[in-house]
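Protein chains in written order, with this note's numbering: chain A, 1 to 201; chain B, 1 to 201.
We put the beta carbon where it would ideally sit given N, CA and C, even for glycine.
A short write-up of the structure that comes next.
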DNA sequence: ATAATTTTGTACTATTTGGTACAATAAAGG
DNA sequence: CCTTTATTGTACCAAATAGTACAAAATTAT
């Protein structure tokens with residue numbers, strides 16, 4: 001897209017792109033959380049050395065916020081793409097089904113970077129991070145529009161206010177993630193997907 | 001209840017009861033999580049000095065597991081008590097309403113010690129703690145029995161299998177906690193309580 | 001007073017944490 | 001070869017972490 005791979009006029013050429021290592025960092029934060037990520041492991045995940053890290057970024061925290069931003073971008077992009085393929089309602093269902101299947105298969109579930117790290121921050125500092133709150137609002141707004149579209153084209157028959165329905169969906173989603181991560185029996189998990197489908201009707 | 005306050009034959013009398021300081025520790029863990037609790041703050045919360053702490057307990061971890069056990073006991077006791085006063089269904093609703101009100105009023109919400117610390121452990125070690133899993137099973141079983149009772153006496157009209165309904169309820173509950181802690185707008189929170197009431201019908 | 005027991009205070013340890021400083025080296029163009 | 005730029009390696013730092021050791025003081029019964 002942008003002029004990433006243009007040769008810099010002179011000097012040793014770069015061996016990594018900033019955006020690429022942010023993505024690697026994002027995946028690591030996503031899996032381990034912010035506090036659960038120590039710098040050494042993060043560096044291994046990013047494939048760069050400490051010296052390069054601190055020449056490129058200000059701190060671990062800065063990389064985290066860049067990761068959070070990338071997470072939002074990628075989530076929205078994925079949802080829009082899926083929408084084009086299978087429609088609004090099916091996208092909302094499949095997103096959750098994907099997590100359930102992943103938990104069943106590999107017994108591991110990354111969950112939601114925003115919610116999980118928001119919770120970490122909340123537990124640590126006793127207040128909601130203002131940054132997290134606005135990110136959360138972005139998610140709610142996006143899903144509200146998403147749901148609205150489904151209601152208008154008839155894929156979602158539940159005529160509850162789109163924003164409220166989006167919040168119900170997101171709440172259920174984060175609850176399912178927590179339940180899965182808390183090790184709920186697989187025998188009862190499928191019913192949770194029915195629950196979601198009932199909600200979207 | 002037990003012979004807590006009997007005088008020990010000789011020596012300086014105890015100034016704190018083990019169970020009492022465990023309860024204080026529980027409340028601190030509940031609010032800050034396990035990793036988010038450092039020993040010095042924990043000691044302040046428990047009102048004892050480090051020397052006393054390590055003479056009474058083996059480690060921070062031991063106190064945490066004792067706290068977790070107490071948490072379960074107290075939760076079940078509270079639910080049984082409320083059941084006697086306002087019935088099964090109303091108890092399930094009010095429990096959540098209490099959290100919502102707390103979040104609205106003081107802008108702070110402890111959430112669920114088991115789920116929150118289970119998530120911490122999960123994120124850190126990549127697997128579900130076996131201890132947490134069995135605790136989770138205890139909770140599911142308790143709520144399943146609770147729901148069953150409500151279905152039999154007609155307070156809950158939703159005739160979905162009691163265990164599945166209990167899991168739906170718990171999932172919704174943990175989702176609501178996450179949403180509140182993530183700083184969802186208060187304007188949409190009330191609808192989440194309607195959602196719970198609809199579920200229990 | 002003395003023995004028994006509990007709590008406190010102080011000092012210490014070993015490990016891990018995020019972060020810094022800086023020289024050495026690698027890879028390109030001029 | 002020389003300059004420029006990117007990466008690496010090594011060494012270090014200050015702070016925070018959970019936990020230990022042990023003497024001193026407090027409070028009781030005998």
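Interface flag for residue 191/B against chain A is set, since a Cβ pair is found closer than 7 Å.
Around the Cβ of residue 10/A, a 10 Å sphere holds fewer than 16 other Cβ atoms; the residue is exposed.
Across the stretch 36-48 of chain A, CB contacts with chain B closer than 7 Å involve 36, in sequence order along the chain. Below the 9 Å Cβ cutoff, chain A contributes no neighbours of residue 100/B, its closest Cβ being approximately 12 Å away. The CB of residue 22/B never comes closer than 8 Å to any CB in chain A; the least such distance is about 20 Å. If the five residues before and after residue 156/B are omitted, its C-beta is found closer than 6 Å to the C-beta atoms of 89, 150 and 200, all from its own chain and listed in chain order. A residue is called buried when at least 16 other Cβ atoms come within 10 angstroms of its Cβ; residue 168/B meets this threshold and is buried. Per DSSP, the continuous alpha helix (DSSP H) segment holding residue 63/A begins and ends at 60-86. Distances from the CA of residue 121/B to each of 144/B, 132/B and 97/B were compared; the closest alpha carbon is that of 132/B. At least 7 Å separates the beta-carbon of residue 75/A from that of residue 176/B.
Comparing C-alpha distances from residue 166/B to each of 59/B, 100/B, 92/B and 43/B shows the shortest one belongs to 92/B.
The residue from 144/B, 53/B, 35/B and 128/B with its alpha-carbon nearest to that of residue 161/B is 144/B. Inclusion of residue 115/B and residue 178/A in the CB contact set at 7 Å is warranted, their separation being smaller than that value.
Residue contact check for residue 34/A against chain B: no CB pair falls below 7 Å.
In this structure, the beta-carbon distance from residue 84/B to residue 123/A does not fall below 7 Å. A contact between stretches requires three or more CB pairs, one per stretch, nearer than 8 Å, and the stretch 13-21 of chain B fails this requirement with the stretch 91-110 of chain B.
Within the same chain, Cβ atoms closer than 8 Å to the Cβ of residue 48/B are found at 16, 21 and 56, the five residues on either side in sequence being excluded.
Selection 190/B, 196/B, 180/B and 69/B evaluated against residue 117/B yields 69/B as nearest (Cα-Cα).
Distances from the alpha-carbon of residue 66/A to those of 12/A, 190/A and 27/A put 27/A closest. Burial state of residue 78/A is exposed, judged by a 10 Å Cβ sphere holding fewer than 16 other Cβ atoms.
Per DSSP, the unbroken alpha helix (DSSP H) holding residue 117/A starts and ends at 113-125. Each residue's CA atom was taken as its position, placing residue 96/B and residue 180/B some 11 Å apart. By the criterion of a C-beta distance shorter than 8 Å, residue 71/B is surrounded in its chain by 26, 30, 113 and 114, once the five residues flanking it on both sides are discounted. Flagged as an interface residue toward chain A: residue 168/B, by a C-beta distance shorter than 7 Å. Nothing from the stretch 56-81 of chain B brings a Cβ to less than 9 Å from some Cβ of chain A. In the three-state reduction of the DSSP assignment, residue 168/A falls in the helix class, which pools H, G and I. Between residue 50/A and residue 42/A, the C-beta gap is not smaller than 7 Å, which leaves the two residues out of contact. At least one C-beta of chain A is nearer than 7 Å to the C-beta of residue 136/B. The straight-line gap separating the alpha-carbon atoms of residue 194/B and residue 52/A is approximately 52 Å.
Secondary structure at residue 41/A: helix, using DSSP grouped into helix, strand and coil. In the three-state scheme derived from DSSP, where H, G and I count as helix and E and B as strand, residue 152/B is classed as helix. The Cβ atoms of residue 128/B and residue 33/A lie no closer than 7 Å to each other.
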